[in-house]
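> Mind having a look at this structure? Questions to follow.
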Amino acid sequence: MLRQLVVEGENAATLESKAHSYIDALKAGGLPVGFSFVGQYVNNQRYPYALCVCVNDEVVHGVPSPDKVFKKGDLVSVDAGVTYKGYHTDSAFSIIVGEEDTELVNATRKALHAGIAKAAPGNKLSDISYAIQKSVELDGFFVVRQFAGHGIGTELHELPKVLNYGRPGMGVTLVPGMVLAIEPIVAERRCDLFIENGLVYKAKDNVMSAHFEETVIITTDKPLIVTRMS
């Protein structure tokens, strides 16, 4: 639903409003659902929104404000988390407004699925990390190392931290029943970050980044993707 709203002339606040309307309708139908992000601590302050909407050089925690109007060619990343019966999901997608996805967007999506493919029992946690990094760098891009995926369950952010880089064969052994939010954030080139308004992480020198994320359950068979945003 949100993906269809990322069009030229629309603004990020509309996505926030539509997300609330969508969840309110599910609640009215009796489903025990809610938002994961509202009230979470970001840089020692409570995040007040259901969504993070980043545009171009914004990396994470982009505020869904009405003055953030989408233009043709913008790279927009939408991060959303929903609760159901007290359990959290976390997911994200990136899209180019009014145009085909760029190599950066495609490479980030590809890296996500390279990592998910390693979310199998018996593998080590860093096998996911290594697969993401290898995929990203083979495509000529760079992992934004300041952020990582995470365990997820009755809390939005749980252990273990799921890095997007590293050597294989390290960390905990993956077992059925583990649930991970796997989320590569990938920049077009190496960049430094800075914080704007205490919330939003932006890349210096207008460097673009893309972000994909899925909530994944490790099973005795293939990984079960709960969120299907990519």
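Residue numbering for the sequence shown follows this note's numbering, beginning at 1 and increasing consecutively. Don't be surprised by glycine CBs; every beta carbon is placed ideally from N, CA and C.
1. With three or more beta-carbon pairs closer than 8 Å as the criterion, would you say the segment 20–34 touches the segment 170–183?
2. Which runs of the beta strand (DSSP E), 3 residues or longer, sit entirely within the segment 19–67?
3. Within this structure, are the beta carbons of Leu112 and Glu214 separated by less than 9 Å?
4. If you run the structure through DSSP and keep just helix, strand and coil, what is Asp101?
5. In chain order, what residues of the same chain lie with their CB nearer than 6 Å to the CB of Val137, ignoring the 5 residues before and after it?
6. Over the uninterrupted beta strand (DSSP E) stretch that includes Tyr201, give me the two end residues.
7. How far does the alpha helix (DSSP H) with Ala131 in it extend, from its first residue to its last?
8. In whole angstroms, what is the alpha-carbon distance linking Ala203 and Gly122?
9. Give me, in chain order, the residues of the same chain whose beta-carbon lies closer than 6 Å to that of Gly169; leave out the 5 immediate sequence neighbours on both sides.
10. For the putative contact between Ala28 and Phe37, defined by C-beta atoms under 8 Å, what is the C-beta separation to the nearest angstrom?
11. Would the beta-carbon of Asn164 fall within 9 Å of that of Gln133?
12. For Pro64, count the other beta carbons within 10 Å of its own beta carbon; 16 or more makes it buried, fewer makes it exposed. Which is it?
13. Could you give the DSSP three-state label for Ala119: helix, strand or coil?
Based on what the coordinates show:
1. As far as the Cβ criterion goes, the segment 20–34 does not touch the segment 170–183, which means the pair count is below three.
2. Within the segment 19–67, the complete beta strand (DSSP E) runs of at least 3 residues are 33–35, 51–55, 58–60.
3. Yes. Within cutoff.
4. Reduced to three states, the DSSP call for Asp101 is coil.
5. Here the sequence assigns Glu to residue 137, which means Val is not the residue at that position. Around Glu137: no qualifying Cβ.
6. Segment 200–203, the beta strand (DSSP E) holding Tyr201.
7. For Ala131, the enclosing alpha helix (DSSP H) starts and ends at 125–138.
8. Distance between the alpha carbons of Ala203 and Gly122 is about 37 Å.
9. So the list reads Lys124, once near-sequence residues are dropped.
10. The beta carbons of Ala28 and Phe37 sit about 21 Å from each other, so the pair does not count as a contact at 8 Å.
11. Yes.
12. Label assigned to Pro64: buried.
13. Coil.
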